[in-house]
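Notes follow the structure.
In the numbering used here, the protein residues as written are 618 to 1433.
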């Protein structure tokens, strides 16, 4: 009997090749998207599980107070002083290690490379069991030890006969000041690790000791309640019987007992995460639940594919009415008919799953190459899930068509009266409408995200980013005393319009904050501002206009801030002066505010800042988050970047001249150049990633919806050939019949549009809340997306409607 069912199912598929192809292709596409989203989600959620102690390793993060003005709720770092405090006060902790990222110039003889180094406590190598090609986990016990990955070792010590042992003991100089010795070489960390974040370009390549960092920079690790930097993680190894909640309680207890008042104002507390969740925290820094969102979108695409199949299978069931009637007349039971049609549905789902897996085997390698990941289909673990999904899709998608068939009486079946009532039409309309609700919402979100991205690009044009080249690493001692010479020499290049210095350039993440108060004794009214050190010509170089006051000038002694300055002239943005408490830019000019030191603004060391200029609010610190209140001040101690504005078209020649001058003034350090538009592109990478993911899912959803509409409209138009012939005999014109068919297929799309518009508005509004400069075309884009879906549906239905409506009545009446 089962063999009979299979043969009938195969015969039916071969008899209806077009619709079988649509059914299998649609389900295959939906299954491929869903399986890929699920596999990718599992990949991102199971990072770092290859470490032996992964289930006992945790990290500590910070939860910011609403007044911190940092633009995020939570970050992945804590104050470095928490590690020794936890070690001293929580004996149940097995090990704790910090990593602090810092860039240095690494020199090996004539070879020089700028490199981000992870400086770590020696317990770092005890917590993580890296694969050692040379050396062992005691490599950081030596304060001058340095650990390289295999890739870095090959890069720094190239040889045709390279071996890890060749790198052992080799000396690497940091900024020509401090020598480190290679004490271990480890195999490259697998890509499914938070140490290999392709989204943020942060990789574990070189590890050195924290004492080495302290020796190089004087970086204060212990007792410092002011050094929060994203990406500087603190790892904690716990015994098996303790968990993240326990660690969180202990860490918050230590924080409450020891943190400074400033730190307690800045943070509301600490949060712990399992090691395998660290990668998700990195993704969630985008401000959206990206990983969970991918699975939801994949599931929605699968729903569309399932509804497509159900709708078309139901329509096809009506075409098999006589077959069903004859089988019922010959004694076939409802159970036998149900089994037959469910087996057909299962067979189609199974073939679709095989096609989907074949598609993924071709797509995943391309995805891995482009994204730097190692996603794979592990069939040994996936097989039960794949079989379960196939069974559920086949069962659920086939139930309604089977129900339509088995509930009909033999008389109805023989008279082609299956599912022709208003109830059947209503259910099919609901299924089609549901597909378009999902598709229209996705299409609208793609439009909103795309236009918001364009808005960000337009907003970035407030700075002449295509004309500005930035030079990095000006903070080294060897160069600090020669900045004026560098500026003077660079300005002699004909194509250089201006040269200036600063602690940060536009679009770069991160800045220093400090607490200030309007009145020196009113500490309770303090606010936190971001501060940026700039040179006199900075505003002119970046075309930043003032709405009140003047620019910095060498003619005013107090424009220059030094360590001993008691009163300093500054320029603020509008938001900063409002937060301090000034009513307007004109009201704030020549007024003072005061820095808060350790909770005291009236102390002898309190510094007064005099407002000499006010600029309009600009998103200097990144376009994704809200505008921050910030202060510009002239302070050469913090000149870490140079900005060179170039005019003319001869960029290659100009860059060669810039490089020549750099090498003449600073021969020990290779020039490190970044174009301002490249810096913007790096900050823009996150939004582009969201747009690409959403666009991919939307394209799949729309394709499925329109393919389903194509198949259903083709089938229903064919089924109504005789009806159309009768209408033409009775005098109906071709355009009237076409309009009738379009209207009947438009109704589910129209009510889908009515449901999708408010849903799309809510979804897009939630996305746009993370942007300070939002598009104002939100409703237009959403309505336009719905209109596009409606017009495309008309075109698809029209193609079939015109073909059927133009048939001669005699041909139509002979149909069937």
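Quick reminder that beta carbons are idealized off the backbone N, C-alpha and C, glycines included. The structure presented is a predicted model; accordingly, all values stated were derived computationally and were not measured.
Applying the 10 Å Cβ sphere with the 16-neighbour rule, what's the burial state of residue i?
i            : result
residue 931  : buried
residue 874  : exposed
residue 979  : exposed
residue 637  : buried
residue 1267 : exposed
residue 678  : buried
residue 1043 : exposed
residue 1167 : exposed
residue 1418 : buried
residue 1069 : buried
residue 634  : exposed
Are residue i and residue j touching if we call contact CB-CB under 8 angstroms?
i            : j            : result
residue 1225 : residue 1209 : yes
residue 861  : residue 675  : yes
residue 1410 : residue 1362 : yes
residue 923  : residue 1325 : no
residue 1269 : residue 1263 : no
residue 830  : residue 984  : no
residue 1150 : residue 996  : no
residue 1349 : residue 1058 : no
residue 750  : residue 804  : yes
residue 918  : residue 1323 : no
residue 1297 : residue 1155 : no
residue 603  : residue 787  : With the chain running from 618 to 1433 in the structure shown, residue 603 is simply not present.
residue 1259 : residue 1228 : no
residue 809  : residue 1066 : no
residue 1436 : residue 1083 : With the chain covering 618 to 1433 only, the question about residue 1436 has no answer from this structure.
residue 916  : residue 807  : no
residue 1186 : residue 1232 : no
residue 912  : residue 658  : yes
residue 1014 : residue 926  : yes
residue 726  : residue 802  : no
Could you tell me which residues DSSP pairs with residue i in its beta bridges?
i            : result
residue 795  : 791
residue 824  : 735, 764
residue 803  : 749, 766
residue 1084 : Answer is none; residue 1084 lacks a bridge partner.
residue 875  : Answer by DSSP bridge pairing: none, since residue 875 is not bridged.
residue 1132 : 1145
residue 1211 : 1134, 1225
residue 719  : 734
residue 1185 : 1226
residue 1263 : 1113
Tell me whether residue i sits in a helix, a strand or coil according to DSSP, three-state version.
i            : result
residue 986  : helix
residue 698  : coil
residue 834  : helix
residue 1383 : helix
residue 603  : Any property of residue 603 remains undetermined from this structure, which presents the chain solely from 618 to 1433.
residue 882  : helix
residue 1112 : coil
residue 1039 : Legend: pLDDT at residue 1039 = 48, less than 50; position of this residue unreliable, value from coordinates given subsequently. The answer is helix: DSSP assigns residue 1039 an H, G or I state.
residue 1176 : helix
residue 1021 : helix
residue 1245 : coil
residue 1434 : No statement about residue 1434 is possible, as the shown extent of the chain runs from 618 to 1433 and does not include it.
residue 576  : Any answer about residue 576 is impossible in this case: the structure gives the chain only from 618 up to 1433.
residue 1378 : helix
residue 894  : helix
residue 692  : strand
residue 634  : helix
residue 887  : strand
residue 1190 : strand
residue 1150 : strand
residue 1403 : helix
residue 857  : coil
residue 1232 : strand
residue 1418 : helix
How about residue i: is its Cβ closer than 7 angstroms to a heavy atom in the ligand SAH?
i            : result
residue 1057 : With respect to small molecules bound, the structure shown includes none, and the ligand SAH cannot be examined in it.
Within 8 angstroms, do at least three Cβ pairs link the segment 871–879 to the segment 713–731? no
Can we say the segment 1094–1109 touches the segment 1311–1330, given the rule of at least three CB pairs closer than 8 angstroms? no
Does the segment 820–838 come close enough to the segment 754–765 that 3 or more CB-CB pairs lie under 8 angstroms? yes
Any contact between the segment 841–857 and the segment 707–718? By contact I mean 3 or more CB pairs, one from each, below 8 angstroms. yes
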